[in-house]
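Residue numbers (the numbering used here), protein chains in the order written: chain Z, 681 to 790; chain S, 681 to 790. Take a look at the structure below.
There are 2 protein chains.
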Amino acid sequence: MRREKTTQLTRKGWKVGTVREFLALSAEEAAYVELRLRLANSLRSRRQRMKLSQAGLAARIGSSQSRVAKMEADDPSVSIDLLVRSLFALGATSRDLARAISHSALPKAS
Amino acid sequence: MRREKTTQLTRKGWKVGTVREFLALSAEEAAYVELRLRLANSLRSRRQRMKLSQAGLAARIGSSQSRVAKMEADDPSVSIDLLVRSLFALGATSRDLARAISHSALPKAS
DNA sequence: TGGCGCCATGTCAGATCTGACATAGCATGG
DNA sequence: CCATGCTATGTCAGATCTGACATGGCGCCA
Chain Z
681 MRREKTTQLT
691 RKGWKVGTVR
701 EFLALSAEEA
711 AYVELRLRLA
721 NSLRSRRQRM
731 KLSQAGLAAR
741 IGSSQSRVAK
751 MEADDPSVSI
761 DLLVRSLFAL
771 GATSRDLARA
781 ISHSALPKAS
Chain S
681 MRREKTTQLT
691 RKGWKVGTVR
701 EFLALSAEEA
711 AYVELRLRLA
721 NSLRSRRQRM
731 KLSQAGLAAR
741 IGSSQSRVAK
751 MEADDPSVSI
761 DLLVRSLFAL
771 GATSRDLARA
781 ISHSALPKAS
């Protein structure tokens, strides 16, 4: 939360947050980053299942290959809005989203 | 999708989209607006359950009363990002989100 | 009537996000 | 070796979103 504070200094990515809070994420921050990650993963797997290239997906949603790459990489410069819209554009339903969000579809960390 | 096109002209809200497409939303657009609506409703009811005023919630999330009002009104100027972060700030879990999203918690329209 | 708490709506400067472009890495097939 | 296709990463102008502020409405109690 309150990204602005550190923003002028870091002007690129999570950096500050991730490093400092590596072991001290508040519950809500953790939920937020995890949500993003799940959407990102979901997007990639859905795209691959459909045998689309990033450029192909980009064309569909009126964006560019590079932005799609960033979405899938969970780059801090992409919003949840964009992720969600892209998922819908690939035919995901609300239910699909809900599944992606609550189910831990995360790659096992350990 | 592709909001920019009409944006310079309308410079305020859904307007163009809503009126013109009143009966012709694509599936993805429908899913998107419905998702927003559900998050907005979810936020309001969660806040009320916690007996917080909009100003109170605003303070918690480092925002302002007016923005909270806009969130709950599903104003086009608020992003899903903000809605989601606010929900998390009120203690919602990923699972809560998923429920809000897939369950039709919409006020019955008729 | 006035004061008070709460919510809605408009506006705006400044912060953030976005598409586009450039460029590089890395396989696979020639 | 060189193409070709796909993905990753950086940059930037322009679009969008955000917090703050101002103001108005509504209900309620004195």
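Yeah, the Cβ is synthetic: ideal placement off N, Cα and C, and Gly gets one too.
Check                                                                                                                     : Outcome
Spatial neighbours of residue 769(S) in its chain, beta-carbon cut-off 7 Å, leaving aside the 5 residues before and after : 740, 741
Contact list for residue 800(Z) against chain S, beta-carbon separation under 8 Å                                         : Missing from the structure shown is residue 800(Z); chain Z here goes from 681 to 790 and no further.
Positions along the region 767-782 of chain S whose CB lies within less than 7 Å of some CB in chain Z                    : 768, 769, 773, 774, 775, 777, 778, 781, 782
Partner residues on chain S for residue 752(Z), Cβ-Cβ distance less than 8 Å                                              : Those do not exist, as residue 752(Z) stays about 18 Å from chain S at its closest Cβ, beyond 8 Å.
Residue 746(Z) beta carbon less than 7 Å from that of residue 782(S)                                                      : no
Close Cβ partners of residue 763(S) (< 8 Å) along its chain, the five nearest in sequence each way excluded               : 716, 719, 720, 723, 751
Neighbour-count burial assignment, residue 711(Z), 16 or more Cβ in a 10 Å radius                                         : buried
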